[in-house]
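Before any comments, here is the structure.
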Amino acid sequence: MIRTENLEKHFGKLHVLKGVNTSFSGGEVISVIGPNGSGKTTLIKSILGMVVADKGKIYFDNKDVANDFTYRHHIGYMPQIGRYPENMKMGQLFAMMKDLRKSTSALDEELLNEFHLTAMFDKPMRTLSGGTTQKVSAALAFLFNPKVLILDEPTAGLDPVASEILKAKILKAKGEGKLVIVTSHIMSEVEEMADKIMYLFEGKINFFKTIADLKAETGEEKLGKAIAKIMKREANV
Amino acid sequence: MFKISKYVIYDILRSKVLIAYTLFLLAVSFALFSLETDGAKSVVSLLSIVLIIVPLISVVFTTTYFYNAYEFIELLVAQPLSRNTILLGEFLGVAVSMTAAFLIGIGIPVLIYSPTATGGVLLLSGVVLTLSFVSIAFFSSVAMRDKAKGIGMSLLLWFYFAVIYDAIVLGILFSFSDYPLDKVVIALASLNPIDMARIMVLMKLDISALMGFTGAVYKQFFGSSFGLLYTMAIMLVWIILPLIVAVRIFKKKNL
Chain A
54 MIRTENLEKH FGKLHVLKGV NTSFSGGEVI SVIGPNGSGK TTLIKSILGM
104 VVADKGKIYF DNKDVANDFT YRHHIGYMPQ IGRYPENMKM GQLFAMMKDL
154 RKSTSALDEE LLNEFHLTAM FDKPMRTLSG GTTQKVSAAL AFLFNPKVLI
204 LDEPTAGLDP VASEILKAKI LKAKGEGKLV IVTSHIMSEV EEMADKIMYL
254 FEGKINFFKT IADLKAETGE EKLGKAIAKI MKREANV
Chain B
298 MFKISKYVIY DILRSKVLIA YTLFLLAVSF ALFSLETDGA KSVVSLLSIV
348 LIIVPLISVV FTTTYFYNAY EFIELLVAQP LSRNTILLGE FLGVAVSMTA
398 AFLIGIGIPV LIYSPTATGG VLLLSGVVLT LSFVSIAFFS SVAMRDKAKG
448 IGMSLLLWFY FAVIYDAIVL GILFSFSDYP LDKVVIALAS LNPIDMARIM
498 VLMKLDISAL MGFTGAVYKQ FFGSSFGLLY TMAIMLVWII LPLIVAVRIF
548 KKKNL
């Protein structure tokens with residue numbers, strides 16, 4: 054569904070992505086992990102077209118996305134820190150997004166209802182807490198029923214109840230054949246949701262494997278330990 | 298694109314800064330018209346407001362608006378919208394609001410007290426100046442990531458066109474006064490939208506004789522119908538060119 058070829062990105066002198074080759078297909082939850090500053094958000098933003106890569110190509114359904122924007126109809130994005138027009142009320146924000154996306158497919162208002170956001174529709178966005186803003190971001194990402202969901206640290210800042218609702222929603226989306234790309238630092242969560250793990254380190258893919266393979270390879274039961282073991286092994290080589 | 302502009306205009310109307318600007322222009326123009334019995338004289342006084350204050354407010358308002366709308370732009374970029382549409386939609390929204398404020402603030406008093414051709418040219422030059430300085434402000438805000446740098450650059454450009462440029466032109470005219478400068482003078486004026494607007498209005502006022510030799514050159518060139526076309530074309534370039542550059546930068550910008 055999404056393929057990247059030799060993606061390279063510099064921010065000034067900083068070499069953030071050093072030739073990322075990868076491909077994702079539907080019906081999977083992919084977890085992108087890696088230390089802070091390893092290029093996770095840059096990779097995600099490149100796929101979304103928010104960051105323009107220096108070199109390399111990105112294909113969406115085998116079509117090059119350079120100078121194209123229509124493919125974003127099929128992507129729902131939840132940013133790490135959602136920032137919205139401050140003067141706008143929550144209801145106006147949702148109305149505006151519906152107006153701008155002109156989506157033809159049925160709307161998915163499940164999260165909107167489960168997070169009880171409709172009750173807060175006349176609150177201005179600037180008065181919302183961080184967690185509520187995250188809920189808005191999540192509801193917006195799922196709203197247009199896209200076939201690809203890109204979630205940047207979705208559960209950071211959410212309360213346990215909301216986190217569980219969101220995780221259930223992610224697994225449901227996967228069941229519907231959607232591709233879900235999630236970045237996270239919480240290993241237990243990754244283990245619960247992800248099928249495959251992509252480990253980014255200093256702008257390169259260190260490994261991209263299924264969880265089962267990882268565990269079998271290292272003989273560890275816990276994902277966190279398995280990854281730690283692989284990291285140590287790589288460091289010794 | 299028009300949808301984006303619609304939301305931009307809603308947002309601007311909510312902030313009330315624009316309403317304050319409109320009221321300020323209204324107050325100044327009514328005051329100037331009631332001080333003078335001769336409408337033409339008030340138009341000349343209004344001209345200095347149009348040439349200095351209108352570009353300044355356009356530049357400052359647009360730049361601050363752009364940085365405050367950064368979240369909105371970020372949100373839009375992840376949606377199925379092209380970057381051209383986003384930036385042009387933003388531009389159109391700001392341009393329409395600023396032009397409306399100008400037309401209400403200066404246009405209504407001029408229509409009441411001095412509904413002459415001169416008044417019309419004053420309004421036209423004000424609208425064109427508003428648009429070109431909104432466009433210049435878009436260029437500096439897209440080019441600079443940092444808010445302070447963006448506002449600084451906008452102010453610097455305004456200061457350059459409103460003050461420094463004339464000093465440079467004067468310097469050139471003095472140092473090369475032994476040479477025929479008529480063509481050069483016209484070319485130099487074209488490089489500054491504020492000068493173009495000033496010439497447009499002064500030509501209508503028939504006071505170019507006061508400007509001596511340069512005035513005669515101006516009268517001969519800009520007074521003709523070709524001159525008027527030329528002025529309009531150059532003013533249009535001053536609106537479109539900074540905008541095109543801004544769109545080009547914005548297409549490659551990392552958000």
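Going down the list, the protein sequences come from chains A and B. To convert a position in the first sequence, counted from 1, into the working numbering, add 53. To convert a position in the second sequence, counted from 1, into the working numbering, add 297. Note that the Cβ used here is the ideal one computed from N, Cα and C, for glycine as well.
Item to check | Chain-ordered residues of the segment 169-188 of chain A with a beta carbon less than 8 Å from chain B | outcome: Residues passing the 8 Å Cβ filter: none.
Checklist entry - How many angstroms separate the CA atom of A/L70 from the CA atom of A/S156? => result A/S156 has its alpha-carbon roughly 33 Å from the corresponding atom of A/L70.
Next on the checklist: Quick check on DSSP: helix, strand or coil for A/R56?
Outcome noted: Here A/R56 sits in strand by DSSP.
Checklist entry - According to DSSP, which residues form a beta bridge with A/K86? => result In the sequence on display, residue 86 of chain A carries Ile and not Lys. BP columns for A/I86 point to A/Y252.
Item to check | A/L204 - DSSP class collapsed to helix/strand/coil | outcome: The answer is strand: DSSP assigns A/L204 an E or B state.
Next on the checklist: Please identify the residue among B/Y367, B/Y304, B/V374 whose C-alpha is closest to the C-alpha of B/M441.
Outcome noted: Minimum Cα distance to B/M441 is reached at B/Y367.
Checklist entry - Would you report the Cα separation of B/A445 and B/K313, rounded to the nearest angstrom? => result Between the alpha carbons of B/A445 and B/K313 lies a gap of roughly 22 Å.
Checklist entry - Would you call A/K222 buried or exposed, if buried means 16 or more other Cβ atoms sit within 10 Å of its Cβ? => result Counting Cβ neighbours within 10 Å, A/K222 comes out buried, since at least 16 surround it.
Next on the checklist: Given a cut-off of 8 Å on the beta-carbon distance, is the pair B/L420 and B/V439 in contact?
Outcome noted: No.
Next on the checklist: Please state the DSSP three-state secondary structure of B/M441.
Outcome noted: Of the three classes helix, strand and coil, the one that applies to B/M441 here is coil, per DSSP.
Item to check | Straight-line gap, B/S487 to A/I134 (C-alpha atoms, nearest Å) | outcome: Cα to Cα, B/S487 sits roughly 46 Å from A/I134.
Checklist entry - Among A/V189, A/N120, A/L193, A/Q187, which has the Cα closest to the Cα of A/L296? => result No statement about residue 296 of chain A is possible, as the shown extent of chain A runs from 54 to 290 and does not include it.
Checklist entry - What's the gap between the Cα of B/S417 and the Cα of B/P352? => result Checking the sequence shown, residue 417 of chain B turns out to be Gly, not Ser. Rounded to whole angstroms, B/G417 to B/P352 spans 18 Å at the Cα level.
Item to check | Member of B/I536, B/A328, B/Y457, B/I537 whose CA lies at the smallest distance from the CA of B/Y410 | outcome: Considering only alpha carbons, the answer is B/A328.
Checklist entry - Taking a cut of 7 Å between CB atoms, which residues from the segment 132-149 of chain A lie near chain B? => result Near chain B, meaning a CB-to-CB distance below 7 Å, the residues of the segment 132-149 of chain A are R136, Y137, P138, N140, M149.
Checklist entry - Smallest Cα separation from A/E273: which of A/I128, A/L253, A/E244, A/Y252? => result From the listed residues A/I128, A/L253, A/E244, A/Y252, the smallest Cα separation to A/E273 is found for A/E244.
Checklist entry - What residues from chain B crowd round A/R286, counting only those whose CB sits closer than 7 Å? => result Against chain B, a Cβ distance below 7 Å from A/R286 picks out nothing, because the smallest value is about 35 Å.
Next on the checklist: Quick check on the DSSP output: what are the complete alpha helix (DSSP H) runs of length 4 or more inside the segment 356-429 of chain B, in order along the chain?
Outcome noted: You should have 367-374, 380-399, 405-410.
Checklist entry - Which residue or residues does DSSP assign as beta-bridge partners of A/Y130? => result In DSSP, A/Y130 forms a bridge with A/I203.
Item to check | Euclidean distance between Cα positions of A/H169 and A/L202 | outcome: Rounded to the nearest angstrom, the two C-alpha atoms are 21 Å apart.
Item to check | Buried versus exposed, by CB contacts within 10 Å (16 or more), B/N489 | outcome: Buried, since its Cβ has 16 or more Cβ neighbours within 10 Å.
Item to check | Where the segment 192-221 of chain A meets chain B: residues whose CB sits under 7 Å from a CB there | outcome: In summary, no residue of the segment 192-221 of chain A has a CB separated from any CB of chain B by less than 7 Å.
Checklist entry - Which ranges does the alpha helix (DSSP H) cover as unbroken runs of at least 4 residues, wholly within the segment 157-236 of chain A, from first to last along the chain? => result Counting only runs of 4 or more, we get 163-167, 183-196, 213-228.
Checklist entry - Does the ligand SAM have even one heavy atom less than 7 Å from the beta-carbon of B/E333? => result In the structure on display, the ligand SAM does not appear, and there are no ligands present to speak of.
Checklist entry - So which of B/Q376, B/V341, B/A337 has the shortest CA-CA distance to B/R495? => result When only C-alpha atoms are compared, the closest one is B/V341.
Checklist entry - What's the C-alpha gap between B/E553 and B/S339? => result No statement about residue 553 of chain B is possible, as the shown extent of chain B runs from 298 to 552 and does not include it.
Next on the checklist: Less than 8 Å between CB atoms is the rule here; does B/S487 satisfy it with respect to chain A?
Outcome noted: No - not a single Cβ of chain A is within 8 Å of the one on B/S487.
Next on the checklist: Let me confirm a value: A/Q187 is counted as buried when at least 16 other C-beta atoms fall within 10 Å, else exposed. Which label applies?
Outcome noted: In the assembly as shown, A/Q187 is a buried residue. Its beta-carbon has 16 or more other beta-carbons within 10 Å.
Item to check | Terminal residues of the beta strand (DSSP E) in which A/Y112 lies | outcome: Segment 108-113, the beta strand (DSSP E) holding A/Y112.
Checklist entry - Where does A/F260 fall in DSSP's three states? => result Secondary structure of A/F260 (DSSP, three-state): strand.
Checklist entry - Taking the C-alpha atoms as reference points, what is the distance between B/G423 and B/L453? => result When the Cα atoms are used, B/G423 and B/L453 turn out to be separated by approximately 20 Å.
Next on the checklist: Checking 8 Å against the spacing of the C-beta atoms, do A/T208 and A/V85 come in under that value?
Outcome noted: For A/T208 and A/V85, no; Cβs fall outside 8 Å.
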